[in-house]
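Enquirer:
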Amino acid sequence: MNIARVIVDVPSQNTNRPFDYGIPERFSGVVQPGVRVIIPFGPRKIMGYVVSLTDHSDFDKVRDIVDVLDLTPILTKELLQIGKWLSNQTLSYYISCLQVMLPQVLKAKYRKELWITTEEELPEELEKVFAGRDVIDYEEFQQSNLSYQKLRTMIEDGWIDVHYEVKSRETKRTTTMVEPQKDAIELEESLVDLSKQANKQRIVIQYFLEHEQPVPKKQLLQTLHTTAATIKPLIEKGILREYKQEVLRDPYGHREFERTQPFTLTEEQQAAIEPVLASIEDNSHDVFLLHGVTGSGKTEVYLQSIQQVIDRDQEAIMLVPEIALTPQMVERFKGRFGSKVAVLHSALSAGEKYDEWRKIQRQEVQVVVGARSAIFAPFTNIGIIIIDEEHESSYKQEDRTRYHARDVAIERGKIHTCPVMLGSATPALETYARAVKGNYQLLTLSKRMNDAMMPKAELVDMREELHEGNRSMFSRQLKENIEDRIAKGEQIVLFLNRRGYATFVMCRDCGHVKECPHCDIALTYHRRQERLKCHYCSHEEPMPAQCPECESKTIRYFGTGTQKIEEALQQLIPEARVIRMDVDTTRRKGSHERLLQQFGEKKADILLGTQMIAKGLDFANVTLVGVLAADSLLNLPDFRASEKTFQLLTQVSGRAGRHQLPGEVIIQTYTPEHYSIQLSSQFNYEAFFAEEMKLRKAFHYPPYYFLTLFTVSHPKQLKVQEVTQKIVQFMGQRLTEGADVLGPTPSALTRINDRYRYQCMVKYKKEPEQRKLVQRILHYYEDEMKQENGLQITVDFQPYQLM
Ligand code: ADP
Ligand code: ZN
Ligand code: ZN
1 MNIARVIVDV
11 PSQNTNRPFD
21 YGIPERFSGV
31 VQPGVRVIIP
41 FGPRKIMGYV
51 VSLTDHSDFD
61 KVRDIVDVLD
71 LTPILTKELL
81 QIGKWLSNQT
91 LSYYISCLQV
101 MLPQVLKAKY
111 RKELWITTEE
121 ELPEELEKVF
131 AGRDVIDYEE
141 FQQSNLSYQK
151 LRTMIEDGWI
161 DVHYEVKSRE
171 TKRTTTMVEP
181 QKDAIELEES
191 LVDLSKQANK
201 QRIVIQYFLE
211 HEQPVPKKQL
221 LQTLHTTAAT
231 IKPLIEKGIL
241 REYKQEVLRD
251 PYGHREFERT
261 QPFTLTEEQQ
271 AAIEPVLASI
281 EDNSHDVFLL
291 HGVTGSGKTE
301 VYLQSIQQVI
311 DRDQEAIMLV
321 PEIALTPQMV
331 ERFKGRFGSK
341 VAVLHSALSA
351 GEKYDEWRKI
361 QRQEVQVVVG
371 ARSAIFAPFT
381 NIGIIIIDEE
391 HESSYKQEDR
401 TRYHARDVAI
411 ERGKIHTCPV
421 MLGSATPALE
431 TYARAVKGNY
441 QLLTLSKRMN
451 DAMMPKAELV
461 DMREELHEGN
471 RSMFSRQLKE
481 NIEDRIAKGE
491 QIVLFLNRRG
501 YATFVMCRDC
511 GHVKECPHCD
521 IALTYHRRQE
531 RLKCHYCSHE
541 EPMPAQCPEC
551 ESKTIRYFGT
561 GTQKIEEALQ
571 QLIPEARVIR
581 MDVDTTRRKG
591 SHERLLQQFG
601 EKKADILLGT
611 QMIAKGLDFA
621 NVTLVGVLAA
631 DSLLNLPDFR
641 ASEKTFQLLT
651 QVSGRAGRHQ
661 LPGEVIIQTY
671 TPEHYSIQLS
681 SQFNYEAFFA
691 EEMKLRKAFH
701 YPPYYFLTLF
711 TVSHPKQLKV
721 QEVTQKIVQF
731 MGQRLTEGAD
741 VLGPTPSALT
751 RINDRYRYQC
761 MVKYKKEPEQ
771 RKLVQRILHY
781 YEDEMKQENG
791 LQITVDFQPY
801 QLM
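Here the sequence shown is numbered in UniProt numbering, starting from 1 and rising by one per residue.
Below you can see the structure in the form of structure tokens.
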């Protein structure tokens, strides 16, 4: 095995396959699949991933690997396989698929260091390199001519550790530990030998007679009210020893999590969990859909399934949407499984993420709770994969490698032969359809916990409010109800869907709307800085004093942000104490947590917010939920608009009356007759499913049809039209008659960042040749796509963003 097959870090069609490289003697044993290497590529030296080893190459001359970046693989064999699969599924480059699975730190060029983690004497050659230091730059080792194999053995034996120097201000990453170097009898003996004056030393030894464990030096000194000077002679005498230990940055380390015990499951929960436990026991790959109304105890089913996996010494991946990865959620998992849990989400710094990832890689944890990318956790013995709120569109990655975490979960489940559990109160239509067909096993929780009733939901027709002269954004009914709850000391959640509510600037005289000069979209008014900003590119400009079209001075901002609602609310009900939660108030780290805590401690009557508050919150005292404008999502140009509206309204309503107090929901809408608003207010998922399926069938949308979306962009509109037209023709001529090829159509956002955007949509049932055809198109335009600011063609085989 002296040839390594390497995927090089050059994302292009021509390099999208392994290249052969020789393994110099010095690296033998270290170069393995999953390790990154530096290789010569043309005139350059670049990075690559070893994907396999072989002893023979079809090429006469292969060049040699120049350097090895990892001494232990950073990708498991299984993940290499997943990478290959991902590349076929999404038609992205293999290299991009490998990189999407790794933490940021491993993708960039970070400084690497070698740390001594032992007190033993190092072998002579190594000692020469370290020359008395505890830490050296990896580069020093590389220049030393020492055998990599030797270093790797040292790492495997735990003598040396590789650290990535992450540029961050985070403090201490090591701590000095102290432990006895003698057994109890010898310690007793050393007490006798101490001089009478050495009282402090005596106390230290006595401490270790009682605690045989290593203890952080700082803590020891504090506990015994002494100083380092006391310990020094004991170390010199060989009674104690000190050593450095890495402290993994633990983002939740400062918090104590109260340990929770499993609940006795209800009959419904028991019935739901049984097939899952059986599947775990049998190591069988089944996909379950846990359909349970909000508050029905799905999370407890997850927790107990994971417990079973832990008991079998296996590992569990638990995905939750980024937005639902609230401290409350993390607490439930940390509370049950303690330090066996790693948490991965985007609010962590690169360093924190890497540390959590390392806990997984080193098998220090058995559970990972995380957002989308946690699906690539480098576990090797997975016992279950769970996706909560499986309908969430954030599970789909929207750039480069356009994967859906649900698909990856099922693929990994196949490889590990373990169950996959999808959970939701409002499953994606595609998922529920598969469950109905029997491809997935349907498990149902139809009742809320503690006999809590589903809240009573009422629709308020805002058109009527307007007719009766109420121009405010609060209906009279909502106002009365808010006042009533405040009087009773109960709490209220008010939900605003941000999308439909961006604040834009319009001239009252001529109706001119200020748009971004680079994108076809209205600019958003940011009040604090008195500036207009584009949310698609970085353009910003000052708020104009007069209309650029007609010079009228009556140019104003319209629409309603949360801030404006808050003001209106304060005017309407001055006694209300309001906590506003939106991007502005939660920008700072930890502020999200703090606001929720304040609300939990009843320091406010009303929690006002956007999508952010729709999920996962569980406050006993909330008895009223108000939805300010239910239909703002309905009008988006997206075939999933009704589904998204139904999901969102159900989620939000689910925040009310989860415990003893009964809940009520008031939904304000301009289209109360719409089926997704009607049925969500009745909490009737099945009826919604049936209704929506009819439309999907009639209009050839998923789950009846598959979609492929091409988006073409270029600075010149003519060019975009022309290329899209060609794609439409090419596909139209070659696909079967059953496929609809639509386009070219300008995208709903026709221009972003001075680039025009057109699309072609293919709807089909079965097109085995499709991927090959797409590949031909991409190949054909490859050169043009390489040019800076040139042509761009993206292809999405499971589009969620249709704009
Ligand atoms: P879901 O995830 O379906 O929204 P949760 O898991 O949050 O529902 O459950 C709602 C509440 O019921 C939580 O406070 C949870 O602790 C509690 N709960 C869940 N299962 C049980 C049980 N078997 N017995 C008692 N309480 C339970
Ligand atoms: Zn004007
Ligand atoms: Zn813009």
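Cβ atoms here follow ideal geometry from the backbone N, Cα and C, with glycine treated the same way.
Assuming residue 626 contacts residue 478 under a Cβ cut-off of 8 Å, what Cβ separation, rounded to an integer in Å, is found between them?
Expert: About 5 Å; that satisfies the 8 Å criterion.
Enquirer: When you compare the region 285-303 with the region 411-425, are there three or more beta-carbon pairs, one atom per stretch, that lie closer than 8 Å?
Expert: They touch, by the three-pair rule.
Enquirer: What residue does the beta strand (DSSP E) around residue 424 start on, and which one ends it?
Expert: Element bounds for residue 424: 420-424.
Enquirer: Who pairs with residue 404 in a beta bridge, going by DSSP?
Expert: Answer by DSSP bridge pairing, in chain order: 396.
Enquirer: Less than 8 Å between the beta carbons of residue 465 and residue 510, yes or no?
Expert: Result no, Cβ atoms of residue 465 and residue 510 do not sit closer than 8 Å.
Enquirer: How is residue 171 classed by DSSP in three states: helix, strand or coil?
Expert: In this prediction, residue 171 scores a pLDDT of 38, lower than 50, which makes its location untrustworthy; the coordinate-derived value is nonetheless stated afterwards. The answer is coil: DSSP assigns residue 171 none of H, G, I, E or B.
Enquirer: Could you check if residue 618 belongs to the surroundings of ligand 1, using beta carbon to heavy atom distance under 7 Å?
Expert: Correct: residue 618 has its Cβ closer than 7 Å to ligand 1.
Enquirer: Can you list, in chain order, the residues of its chain whose CB lies under 7 Å from that of residue 130, leaving out five sequence neighbours each side?
Expert: Result list for residue 130: 116, 122, 136, in chain order.
Enquirer: Is the beta carbon of residue 398 less than 8 Å from the beta carbon of residue 801?
Expert: Yes, Cβ-Cβ distance for residue 398 and residue 801 is below 8 Å.
Enquirer: Going by DSSP in three states, residue 671 sits in which element: helix, strand or coil?
Expert: Of the three classes helix, strand and coil, the one that applies to residue 671 here is coil, per DSSP.
Enquirer: Alpha carbon to alpha carbon, what distance is there between residue 797 and residue 699?
Expert: In a straight line, the C-alpha of residue 699 is about 18 Å away from that of residue 797.
Enquirer: In chain order, what residues of the same chain have a beta carbon less than 6 Å from the beta carbon of residue 526, not counting five sequence neighbours either side?
Expert: Counting only Cβ-Cβ distances below 6 Å, and skipping sequence neighbours, we find 533.
Enquirer: Straight-line CA distance for residue 311 to residue 221?
Expert: Cα-Cα distance, rounded: 38 Å.
Enquirer: Which residue marks the beginning of the beta strand (DSSP E) containing residue 45, and which one marks its end?
Expert: Here the beta strand (DSSP E) through residue 45 covers 44-54.
Enquirer: Starting from the C-beta of residue 416, find all residues in its chain whose C-beta is less than 6 Å away, skip the five residues before and the five after it, and write them out in chain order.
Expert: Within the same chain, residue 416 has close Cβ partners 382.
Enquirer: Is residue 741 closer than 8 Å to residue 724 when the C-beta atoms are compared?
Expert: Cβ atoms of residue 724 and residue 741: not closer than 8 Å.
Enquirer: Whole-angstrom Cβ separation of residue 64 and residue 21, contact assumed at under 8 Å?
Expert: Yes, residue 64 and residue 21 are in contact; Cβ-Cβ is about 6 Å, under 8 Å.
Enquirer: Pick from 79, 513, 557: whose alpha carbon is nearest that of residue 530?
Expert: The shortest Cα separation from residue 530 among 79, 513, 557 belongs to 557.
Enquirer: Using 8 Å for Cβ pairs, my map puts residue 864 next to residue 624. What's the rounded Cβ distance?
Expert: Absent from the structure is residue 864, since the part of the chain shown begins at 1 and ends at 803.
Enquirer: Please indicate yes or no: does the CB of residue 54 lie closer than 7 Å to some heavy atom of ligand 1?
Expert: No.
Enquirer: Does the Cβ of residue 431 lie closer than 7 Å to at least one heavy atom of ligand 1?
Expert: Answer for residue 431: no, Cβ out of range of ligand 1.
Enquirer: By DSSP's criteria, residue 804 is part of a beta bridge. Which residues make up the other side?
Expert: As displayed, the chain neither begins before 1 nor continues past 803, which places residue 804 out of reach and without an answer.
Enquirer: Just tell me which of 486, 308, 394, 718 has its CA closest to the CA of residue 279.
Expert: Nearest option by C-alpha distance: 308.
Enquirer: Taking all protein chains shown into account, decide if residue 805 is buried (16 or more other Cβ within 10 angstroms of its Cβ) or exposed.
Expert: This structure cannot speak to residue 805, because the chain is shown only from 1 to 803.
Enquirer: Would the C-beta of residue 265 count as close to ligand 1, meaning under 7 Å from any of its heavy atoms?
Expert: Within the cutoff, so yes.
Enquirer: Give every residue of the same chain whose Cβ lies closer than 8 Å to the Cβ of residue 204, excluding the five residues on either side of it in the sequence, and list them in chain order.
Expert: Answer for residue 204: 220, 224, 226, 230, 231, 234, 240, listed in chain order.
Enquirer: Buried or exposed, going by whether 16 or more other CB atoms sit within 10 Å of the CB of residue 342?
Expert: Its Cβ being crowded by 16 or more others within 10 Å, residue 342 is buried.
Enquirer: For residue 757, does the count of other Cβ atoms within 10 angstroms reach 16, so buried, or fall short, so exposed?
Expert: So residue 757 counts as buried.
Enquirer: Answer with buried or exposed for residue 791, where buried requires no fewer than 16 other C-beta atoms within 10 angstroms of its C-beta.
Expert: Flag for residue 791 reads buried.
Enquirer: Between 522, 43, 365, 389, which has its C-alpha nearest residue 378's C-alpha?
Expert: Minimum Cα distance to residue 378 is reached at 365.
Enquirer: May I ask which residues mark the beginning and end of the alpha helix (DSSP H) holding residue 585?
Expert: Unbroken run through residue 585: none, as it is neither H nor E.
Enquirer: Going by CA-CA distance only, name the one from 703, 9, 4, 547 that's closest to residue 44.
Expert: Of the listed residues, the one whose Cα sits closest to residue 44 is 9.
Enquirer: Using beta-carbon positions only, say whether residue 576 and residue 606 come within less than 8 Å of one another.
Expert: Yes, Cβ-Cβ distance for residue 576 and residue 606 is below 8 Å.
Enquirer: Among the residues of its own chain, which have a CB less than 7 Å from the CB of residue 286, if the five just before and after it don't count?
Expert: Taken in chain order, the residues that qualify are 279, 419, 441.
Enquirer: I need the DSSP call for residue 358, collapsed to helix, strand or coil.
Expert: It is helical.
Enquirer: Taking C-alpha atoms, which residue in 128, 643, 191, 361 lies nearest to residue 876?
Expert: In the structure displayed, the chain extends from 1 to 803; residue 876 sits before or after that span and is not available.
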